[in-house]
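See below for the structure under consideration.
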Amino acid sequence: MTQKKPYTHKCRNRRSIGNCIHTFAGVQLRAECSRQMDQLRIKNGPAYEQPTAVPMLTDAYNLPAKKVVHVVGPIVQYRLTPALEQNLADCYKNTLDMCAENELKSVAFCCISTGVFHFPNRRAAEIAVTTVEDWLASHPGKMKRVIFNVFKDEDKKYYEELI
Numbered sequence: 037m038t039q040k041k042p043y044t045h046k047c048r049n050r051r052s053i054g055n056c057i058h059t060f061a062g063v064q065l066r067a068e069c070s071r072q073m074d075q076l077r078i079k080n081g082p083a084y085e086q087p088t089a090v091p092m093l094t095d096a097y098n099l100p101a102k103k104v105v106h107v108v109g110p111i112v113q114y115r116l117t118p119a120l121e122q123n124l125a126d127c128y129k130n131t132l133d134m135c136a137e138n139e140l141k142s143v144a145f146c147c148i149s150t151g152v153f154h155f156p157n158r159r160a161a162e163i164a165v166t167t168v169e170d171w172l173a174s175h176p177g178k179m180k181r182v183i184f185n186v187f188k189d190e191d192k193k194y195y196e197e198l199i
């Protein structure tokens, strides 16, 4: 069953939810991310950066979870475009696909790209909810619980309107 109520994260003294995740997971998470990126750079060249919407899976270490899915969201520099909207939808879809492939039955999503990446919060919430609902409808039984973990009261309001 999908959780219908967004959860407001309590780590308000950090710059982003990603920083909170890395802080509370412990140094082991940063070390594993570094090892995985080193391996990808060996394979793809020293300038390799993780592409937008391509998730990476790590252990969760000190977090109350089995795994952490890391995904680079789209960056809105000048204006929102259909391609950026599709990239954001792909972040959610590809993450859900990775969870299903790894037999993970629950996932908590932060508001991808809405912070320092400047994706408009309301539109990001619309894309997140629609993409997740569509994925769940086309993959019955693959996911037991999806949580939208919001960082700001503004986002909580949008998700409560949409869910």
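Numbering (this note's numbering), first residue to last: 37 to 199. All C-beta atoms in this analysis are idealised placements derived from N, C-alpha and C, irrespective of residue type, glycine included.
- At the C-beta level, I148 and V104 stay beyond 8 Å of one another.
- Under the three-state reduction of DSSP, M92 is assigned to strand.
- Taking every protein chain shown into account, the CB of V112 has 16 or more other CB atoms within 10 angstroms, so this residue is buried.
- DSSP places I53 inside the alpha helix (DSSP H), whose first and last residues are 53-61.
- Relative to the Cα of F184, the nearest Cα in the group S142, N98, Q72 belongs to S142.
- Cα atoms of G109 and T150: separation of roughly 9 Å, rounded to the nearest angstrom.
- Look at R181 here: in three-state DSSP terms it is strand.
- Nearest in C-alpha terms to F145, of all of D74, F153, V165, F155, is V165.
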